[in-house]
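Novice: Sharing a structure here in structure tokens format.
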Amino acid sequence: MEENPRGWIHGDETAKAMLARVLTERPFLFLPPLHRVPLRVGNVVEIAGPSPSAKSQILLHAAVHCILPEEWKGIRFGGLERMVMYFDLDCRFDVLRLSQILKHRIMEAYKSANSTYWEDNGEYQKYDATEITQMCFCDDELFLACMRRFLYIRCYSSFEFLAALKAMHFHLQRESEALGVGLHFLMIDSIGAFYWIDRACQPMPIGGSKRKNLSLQNVAEAVVQEICKLLQTQPVLVLATKATIFGAGTSGNDAQRAFGKWCSERKMDSRTLSKEGEKLLYREYMPSAWQSFVTHRVRLQALDEIISDGQYGTLPTYTSQWVQPPLNIKDKFAVRDDGIFLIT
Amino acid sequence: MAEFNEPRSKATASVSSSGNPTSFLSRASKCAKTLEEGNRSLSDDAGFAQVQPMMEDWHQPWLNGVELLEDSNRNKHFLPTGYEGIDVLLGGGLCEGQLTEIVGSSSSGKTQVCLYSAAHVADKHFGVVMFLDTCNSFSPKRIACMVDQLSSSFSGEVTSGHTKICLLIIDSISSLLTPVLGGKGSEGRLLMVSAGIILKKLANEHNVSVLVTNHMVGGEGGILKPALGESWKSIPHVRLQLTHDQGSNICNVSILKHTFMASGRTTKFVIHG
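Going line by line, the protein sequences match chains A and B. Its first residue numbered 1, the first sequence is counted upward by one per residue in full-length UniProt numbering. Its first residue numbered 1, the second sequence is counted upward by one per residue in full-length UniProt numbering.
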């Protein structure tokens, strides 16, 4: 075989060509309500908030955006047409909610496509609402194709979580060969689900000091190691939700009682927190291995206000604030049948 | 449930076909070592292919959206409680496979709702109801009264019905967990979280709807809030709050948390009996 040494010195592509290729293959994502900071594969985003603050709804909204195709039968959906891997550690996932959001998004795309078509033609004829529903529910094929791109697994303990992470790449290879698309999102619902259980594990000195003892630090290190391995071969965007635990790291209810007294002294509503209160509520309890792995952080909070939407009645509102990178803006949003709805 | 059992039967078949116990032990220790060192290179598929059927036993099966929907349509039905207000609010009733919590101060009607749901589900032959009574609130006479009222249209034929448990009621789970939660140390929260995981596993694998009740405690500013603290809030699928006006038999129920309904929705219903 002739070897061309000059070929080694000449570049494969220019920087401009490389940027163009990378930005189309790995686009920046702006997911509401996290739209202020562009997210790319390789980022690890931690969404923290007390319960309930719509954390899982953000994951579902992003998942639907990912599994929808860019275009289907001439109608533009604007999705990514890639797979989503959802690790359900909280075991609270409801597939009916996912299918509700997906159906609403498909119906909206059909409605907007039909209205533009008729305006273009110079005539304006409104389709009957039932006709539109019939049209898009005939499109079961699209719905099923999208649902097949949503991969799911539940874990009832840290051990099952680790076993699933280790076996994941084998399963992913099979699925991407079958479906022909790659993975874009890795979602973990509630990374702190097993915090209390792992924390109480006493490291057992089994005979043979080569075995690693099961403890909170080791579990977190193993999880981070497995996800890093995956990121090396298959870059994905990692979204993890984290529930806040009051007084984690302190003994018993002392922190809770102190906070309660402090709140009543200042006669404050528990929702309007100042900096000290926020420090207690959003206190970091995950081990340092996980903390240094996270590249972006968001904080969510539920508000006492409700907005009334004509179609959906009254809806509770939430705020989201970027902590890393720190932005001093709180975005308000609400959750509707078709996902997240920003309130400007 | 056949698709859930397949990977496990495959794994056991491969283990039993080896026959020789020492070869199985050497395989198990080899895979334990590979897990420990974490040095499995991703291209080393030959070794991993040997270990993979065994690893499928260590985690739940992989599912996709279509399989989840099929399971939900086939196995996870809605059990109506008999109170139309609650059933409409919940979109059909108590969902099998989910953990529902009812929160309310004392004499707000929690036990009444539990007893009536039990009687209604048993009367309509959805399946067997298991009632775990932890605070001495169960009364066979009240249940007998309710069943008499419900089956006034008794047709005379006894349908065999199902023998599978479809509804598990724990009245009240907070009286079991609050004594353990207080004090220093995290053992109380560990027990609470473990109980939650076991209940949700039961609900999902055996298609049971689990209904638990919780009481209220004083919070800051004298406002009542649900007991069991912050960690419990992220355990149930659905949380409902009951309030009862003194002297009337109208109860107010509002959603604190639901998987697909907006929280804050309220409705009223009439408490019978």
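For each residue, glycine too, the CB sits at the ideal point set by N, CA and C.
Considering only residues of the same chain and omitting the five flanking positions on each side of A:E221, which have a CB-CB separation below 7 Å?
Specialist: As a working note, residue 221 of chain A is residue 221 in the first sequence. These residues qualify, in order along the chain: A289.
Novice: Measure the Cβ-Cβ separation of A:Y156 and A:Y86 and say whether it is below 9 Å.
Specialist: Locating residue 156 of chain A in the first sequence gives position 156, where the first residue counts as 1. Locating residue 86 of chain A in the first sequence gives position 86, where the first residue counts as 1. Result no, Cβ atoms of A:Y156 and A:Y86 do not sit closer than 9 Å.
Novice: Could you confirm whether any beta carbon from chain B is found closer than 9 Å to the beta carbon of A:F185?
Specialist: For this step, residue 185 of chain A is matched to residue 185 along the first sequence. A:F185 does not count as touching chain B.
Novice: Give the interface partners of B:K200 over in chain A, defined as CB-CB distance under 7 Å, in chain order.
Specialist: Residue mapping note: residue 200 of chain B aligns to position 200 of the second sequence, counting from 1. Simply C91.
Novice: Taking B:R239 and B:V103 to be in contact with their CB atoms under 8 Å, please state how far apart those CB atoms are, rounded to whole angstroms.
Specialist: On the second sequence, position 239 is the one that residue 239 of chain B refers to. On the second sequence, position 103 is the one that residue 103 of chain B refers to. Right, the Cβ-Cβ distance comes to about 6 Å (below 8 Å), so this counts as a contact.
Novice: Write down every uninterrupted run of the beta strand (DSSP E) in the UniProt domain "RecA family profile 1" (75-216) of chain B whose length is 3 residues or greater and which is fully enclosed by it, in chain order.
Specialist: Correct list: 99-104, 128-133, 165-171, 209-214.
Novice: So what does DSSP say about A:W72, is it helix, strand or coil?
Specialist: On the first sequence, position 72 is the one that residue 72 of chain A refers to. Correct three-state label for A:W72: strand.
Novice: Please return the same chain residues whose Cβ sits closer than 7 Å to the Cβ of A:L59, not counting the five positions on each side in sequence.
Specialist: Here the question's residue 59 of chain A lines up with position 59 in the first sequence. M187, D189, L239, T241, listed in sequence order.
Novice: Given that B:S186 touches chain A, what residues does it touch there, using C-beta distances under 7 Å?
Specialist: As a working note, residue 186 of chain B is residue 186 in the second sequence. The contacting residues are W196, R199, A200.
Novice: Under a CB-based cut-off of 9 Å, is A:A243 close to chain B?
Specialist: Taking the first sequence and counting its residues from 1, one reaches residue 243 of chain A at position 243. Closer than 9 Å: yes.
Novice: Please go through the same chain and pick out, in chain order, the residues whose beta-carbon is closer than 7 Å to the beta-carbon of A:S51, but skip the five residues on each side of it.
Specialist: By 1-based counting over the first sequence, the position of residue 51 of chain A is 51. Cβ neighbours of A:S51 beyond the five flanking positions: A243.
Novice: How long is the line joining the alpha carbons of A:A15 and A:F28, rounded to whole angstroms?
Specialist: On the first sequence, residue 15 of chain A is found 15 positions in, with the first residue counted as 1. On the first sequence, residue 28 of chain A is found 28 positions in, with the first residue counted as 1. Cα to Cα, A:A15 sits roughly 18 Å from A:F28.
Novice: By alpha-carbon positions, which one of A:T317, A:I106, A:F159, A:A17 ends up nearest to A:E141?
Specialist: Within the first sequence, numbered from 1, the residue matching residue 141 of chain A stands at position 141. Taking only the C-alpha atoms, the option nearest A:E141 is A:I106.
Novice: Given that A:S190 touches chain B, what residues does it touch there, using C-beta distances under 9 Å?
Specialist: Indexing the first sequence from 1 puts residue 190 of chain A at position 190. Correct list: S234.
Novice: Determine whether the beta carbon atoms of B:H125 and B:T81 lie at a separation below 9 Å.
Specialist: One-based indexing of the second sequence puts residue 125 of chain B at position 125. One-based indexing of the second sequence puts residue 81 of chain B at position 81. Not in contact: B:H125 and B:T81 (Cβ atoms no closer than 9 Å).
Novice: Give me the Cα-Cα distance between B:T259 and A:L98, rounded to the nearest whole angstrom.
Specialist: In the second sequence, counting from the first residue as 1, residue 259 of chain B sits at position 259. In the first sequence, counting from the first residue as 1, residue 98 of chain A sits at position 98. Looking at the two C-alpha atoms, the distance is approximately 10 Å.
Novice: Determine, using beta carbons only, whether A:V219 and A:L162 come nearer to each other than 9 Å.
Specialist: Within the first sequence, residue 219 of chain A is the residue found at index 219, counting from 1. Within the first sequence, residue 162 of chain A is the residue found at index 162, counting from 1. Against a cut-off of 9 Å, the Cβ pair of A:L162 and A:V219 comes out as a contact.
Novice: Determine the extent of the alpha helix (DSSP H) in which A:F341 is found, giving its start and end residues.
Specialist: Position 341 of the first sequence, counted from the start, is the residue given in the question as residue 341 of chain A. No alpha helix (DSSP H) holds A:F341; the beta strand (DSSP E) holding it covers 339-343.
Novice: Among the residues of its own chain, which have a CB less than 6 Å from the CB of B:N75, if the five just before and after it don't count?
Specialist: By one-based count along the second sequence, residue 75 of chain B stands at place 75. Around B:N75: N207.
Novice: Rounded to a whole number of angstroms, what is the C-alpha to C-alpha distance between A:L216 and A:W196?
Specialist: Within the first sequence, the letter at position 216 stands for residue 216 of chain A. Within the first sequence, the letter at position 196 stands for residue 196 of chain A. Approximately 9 Å, taken between the alpha carbons.
Novice: Measuring CB atoms only, is the segment 55-69 of chain B touching the segment 186-200 of chain B, in the sense that at least three cross pairs come out at less than 8 Å?
Specialist: Because the criterion of three Cβ pairs below 8 Å is not met, the segment 55-69 of chain B and the segment 186-200 of chain B do not touch.
Novice: Any contact of the segment 320-332 of chain A with the segment 23-40 of chain A, i.e. 3+ C-beta pairs under 8 Å?
Specialist: The segment 320-332 of chain A is in contact with the segment 23-40 of chain A.
Novice: Return the first residue and the last residue of the beta strand (DSSP E) that residue 275 of chain B is part of.
Specialist: Nothing can be reported for residue 275 of chain B: it is not among the residues displayed for chain B, which extend from 1 to 273.
Novice: Expressed to the nearest angstrom, what Euclidean distance is found between the alpha-carbon atoms of A:L19 and B:S263?
Specialist: Position 19 of the first sequence holds residue 19 of chain A. Position 263 of the second sequence holds residue 263 of chain B. Cα-Cα distance, rounded: 45 Å.
Novice: Taking the beta strand (DSSP E) that B:N252 belongs to, which residues open and close that run?
Specialist: Residue 252 of chain B sits at position 252 when you count from the first residue of the second sequence. Per DSSP, B:N252 belongs to the beta strand (DSSP E) from 250-257.
Novice: Which of the three DSSP states is assigned to A:M286 in this structure?
Specialist: Numbered from its first residue, the first sequence carries residue 286 of chain A at position 286. Of the three classes helix, strand and coil, the one that applies to A:M286 here is coil, per DSSP.
Novice: When the Cα atoms are used, what is the spatial distance from A:V224 to A:F293?
Specialist: Counted from its first residue, the first sequence places residue 224 of chain A at position 224. Counted from its first residue, the first sequence places residue 293 of chain A at position 293. Roughly 7 Å between the two C-alpha positions.
Novice: Name the chain A residues whose beta carbon is nearer than 9 Å to that of B:K257?
Specialist: In the second sequence, residue 257 of chain B corresponds to position 257, counting from 1. Here the neighbours are S51, P52.
Novice: Reducing DSSP to helix, strand and coil, say where A:G320 ends up.
Specialist: Stepping through the first sequence from its first residue, residue 320 of chain A is reached at position 320. Correcting the residue type first, residue 320 of chain A is Ser in the shown sequence and not Gly. A:S320 falls in the strand class under three-state DSSP.
Novice: Taking 9 Å as the CB-CB cut-off, is A:G252 touching chain B?
Specialist: By 1-based counting over the first sequence, the position of residue 252 of chain A is 252. Note on A:G252: pLDDT 40, under 50, position unreliable in the model; no value is reported.
Novice: What does DSSP give as the partner residues of A:L280 in its beta bridges?
Specialist: Translated into the one-based positions of the first sequence, residue 280 of chain A becomes position 280. Beta-bridge pairing links A:L280 to no other residue.
Novice: Count the other C-beta atoms from every protein chain shown that fall within 10 angstroms of the C-beta of A:E175, then say buried if there are 16 or more, exposed otherwise.
Specialist: Residue numbering aside, residue 175 of chain A sits at position 175 when the first sequence is read from its first letter. A:E175 is buried by the Cβ-count criterion.
Novice: Can you give me, in chain order, the residues of the segment 242-272 of chain B that have a beta carbon less than 8 Å from any beta carbon in chain A?
Specialist: Taking 8 Å as the Cβ-Cβ cut-off against chain A, the residues of the segment 242-272 of chain B that qualify are L256, K257, T259, F260, A262, S263, G264, R265.
Novice: So, with DSSP's three-state summary, where would you put A:A109?
Specialist: For the purposes of this step, residue 109 of chain A is taken as the residue at position 109 of the first sequence. Looking at A:A109 - three-state DSSP - the assignment turns out to be helix.
Novice: Check whether the Cβ of B:L69 lies closer than 9 Å to any Cβ atom in chain A.
Specialist: For the purposes of this step, residue 69 of chain B is taken as residue 69 along the second sequence, with counting starting at 1. So yes, B:L69 belongs to the interface.
Novice: In whole angstroms, give me the CA-to-CA distance for A:L230 and A:F77.
Specialist: To locate residue 230 of chain A, count along the first sequence from 1; it is residue 230. To locate residue 77 of chain A, count along the first sequence from 1; it is residue 77. Answer to the nearest angstrom: the Cα atoms are 29 Å apart.
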